Structure formats: C-alpha cells, structure tokens
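Below is one structure, written out as structure tokens; the observations come after it.
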Amino acid sequence: MINGTDGGQFAPFLSKDSTLYVFSTDLCRSMYFRYEKETNVHGIRAWRFTIPATLFESADLREENRCFCLTSPVCPKSGITHVSACRKGAPIVLSSPHFYQGDEEFVRAVHGLRPNKEMHETFLDIHPLTGLVMRASKRLQINVDLKRNDRLTLLKNVQRYGVFQSSGLKK
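When you line the sequence shown up against our numbering, it's residues 83 to 253, in that order.
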C-alpha cells in the first residue's frame, strides 16, 4: 500500500503521537516517521521525527513486514530492504549507512563499519504548528545482493547473506 506525502510538508498542528508517512521512490515503498525529540533550527522550535528500527525489521520478527520479504521463505535479516522488483531486477539492497539499526551480522561482516546515530540516521525536523519541514536528512547505503557461485573465486565463500556495501547516499 502506498501511504504518505513526498515529505515536503505535513498537516499542521502535529501531535507527538503522530506517525508521518512518506513515499520514498528510492525505497520503492512508504516509510514512516515517529516523534523522537524537540530540537531547533536556526533558533526556531522543531520536532524531530525519525524512522524507527521496526520499518526495516525482518519479517521473521515483524509480521507486518512480510510483504517486503522478496526472498521468501527465507527473509533477510533486519536492517535491509530488497528493491530489485522496482529496479528492473538488479540485485540492489538498501540499508541505512553502516547498517545502522540493522542486524549485527552485517556490521561484523565488513571491517571498519561503525554505525552512528548522528551520522547515519534519516530524520525530519518539522515545525509542529505549520507542518513545514525545516531540516531533513535522508541517508541510505546502496548494497549489492551477492549469491554464492562456485565458478567465481570471489563468490565461492558467500554465505546466506552476501550483501556487498557499494556506496552511500545523503540528501
């Protein structure tokens, strides 16, 4: 189901209990934000809304994410989402940078990754009365879904989750 706006503006008179929906063309799906804290932008009060870890939680742990399990019957671990269905079959997997909020197995698999909330979190700072987005940061990591292939030396040792970190995106 497609929910949400393009993320540029929301309804006025927000509540801290509000769940804000945004459709992301990068993720090929709707995502949701929840209130985290009060902040300010150039001296003006704003509320920070962030993506909860449950958005990319494995369908094995969160049934409502079952429709995003494109690799059934074995669903991916928490923290990644397959977007190959809307990328002409390319084996693309998106995550937060450094697999922030993802399964620890991904972080351990790549030397040097250090997930950090301040550097790797996607957020919206919104004026609570007007619903205007005052500051936003969209942070994604583009990965390639690798499959074991005994004919290629590079892919002989790929395990169940062979995700290769390729690049990052910060908007």
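In this text, a Cβ means the ideal position worked out from N, Cα and C, and glycines have one as well.
Computed from a predicted model, the values in this text were never measured in an experiment.
Quick check on the DSSP output: what are the complete alpha helix (DSSP H) runs of length 4 or more inside the region 115-194, in order along the chain?
Considered as a whole, the region 115-194 harbours 186-191 as its complete alpha helix (DSSP H) runs of no fewer than 4 residues, in chain order.
Pick out whichever of L109, Q91 and K199 has its Cα sitting closest to the Cα of H180.
K199
If you reduce the DSSP assignment to three classes, tell me which class T235 lands in.
Of the three classes helix, strand and coil, the one that applies to T235 here is helix, per DSSP.
Using a 10 Å radius around the Cβ and a threshold of 16 neighbouring Cβ atoms, would you call H164 buried or exposed?
buried
Output needed for F105: all residues of its chain with C-beta closer than 6 Å, excluding positions within five of it in sequence on either side, in chain order.
I84, G86 and S112
Rounded to whole angstroms, what's the CA-CA distance from V226 to E146? Just pull it up for me.
25 Å
Boundaries (first-last residue) of the beta strand (DSSP E) holding D227:
Per DSSP, D227 belongs to the beta strand (DSSP E) from R221 to L228.
Between the region 168-175 and the region 184-197, do at least 3 Cβ pairs fall closer than 8 Å?
no
Using CA atoms only, rank isn't needed, just tell me which of C110, A218 and K159 is closest to A128.
A218
Measure the Cβ-Cβ separation of F205 and R130 and say whether it is below 8 Å.
yes
May I have the straight-line CA-CA distance separating F150 from V215, to the nearest angstrom?
28 Å
Burial state of E139, where buried means 16 or more other Cβ atoms lie within 10 Å:
buried
What do you reckon, are the CB atoms on L176 and D108 nearer than 8 Å?
yes
Of the listed residues I133, A191 and C110, nearest to C168 (C-alpha basis):
C110
Would L255 pass as a contact of I208 if the rule is Cβ separation under 8 Å?
There is no way to answer for residue 255, as the model of the chain reaches only from 83 to 253.
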